[in-house]
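Take 1 as the starting number for the sequence shown in my numbering and just add one per residue.
Contents: one structure, followed by commentary.
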Amino acid sequence: MKYLKNIIPALALVLGASLAMAMNFAENPTVRYAEDPDSGTEIWYDLTGVTPGGSTYQCNMSPSEICSHEEDDFSSPQVEAGEFVKNGTLPLATP
Numbered sequence: 001m002k003y004l005k006n007i008i009p010a011l012a013l014v015l016g017a018s019l020a021m022a023m024n025f026a027e028n029p030t031v032r033y034a035e036d037p038d039s040g041t042e043i044w045y046d047l048t049g050v051t052p053g054g055s056t057y058q059c060n061m062s063p064s065e066i067c068s069h070e071e072d073d074f075s076s077p078q079v080e081a082g083e084f085v086k087n088g089t090l091p092l093a094t095p
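Below, the structure written as structure tokens:
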């Protein structure tokens with residue numbers, strides 16, 4: 001019984017640390033840009049607030065490609081992986 005009484009603070013510390021790590025979610029960027037793959041020039045679309053779907057855009061499964069970026073630039077960090085497929089009218093990115 002004395003052993004159990006001595007180990008309770010350590011167990012509480014481990015449980016607290018586990019819960020703190022579980023509640024620390026990675027931030028999902030809401031700003032998204034994608035380049036039009038069908039145009040001959042660099043045309044970027046602002047996907048911020050646009051819900052993917054059959055009438056907007058989709059990110060098809062392709063782990064080797066980048067569907068959207070955090071900025072309208074190829075060197076900006078990736079937001080979504082996959083092949084960008086434009087299905088409807090999307091807002092253009094403003095410079």
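A virtual CB, placed ideally from N, CA and C, is assigned to each residue, including glycine.
Here's the rule: buried if 16 or more other CB atoms are within 10 angstroms of the residue's CB, otherwise exposed. What is residue i?
i, result
"D72", "buried"
"S62", "exposed"
"I66", "buried"
"E42", "exposed"
Going by C-alpha distance, which of the options is nearest residue i?
i, options, result
"D38", "A10, P9, E83", "E83"
"E70", "N60, Y45, S55", "Y45"
"P91", "A22, Q78, A81, T51", "T51"
"S64", "G49, Y57, A10, E80", "E80"
"V31", "G49, T56, Y57", "G49"
"A93", "Y57, C59, Y33, A17", "Y33"
"Y57", "V85, L4, I8", "V85"
"E35", "N6, C59, L4, P9", "C59"
Which residues does DSSP pair with residue i in a beta bridge?
i, result
"I8", "DSSP output for I8 lists no bridge partner at all."
"C59", "F84"
"I66", "A81"
"Y45", "A34, L92"
Assuming residue i and residue j make a contact with CB atoms under 8 Å, what is their CB distance in whole Å?
i, j, result
"S68", "L47", "6 Å"
"G40", "N87", "Rounded, the Cβ-Cβ distance is 20 Å, inconsistent with contact."
Leaving out the 5 sequence neighbours to the left and right, which residues in its chain are closer than 7 Å to residue i when beta-carbon positions are compared?
i, result
"Q78", "I66, H69"
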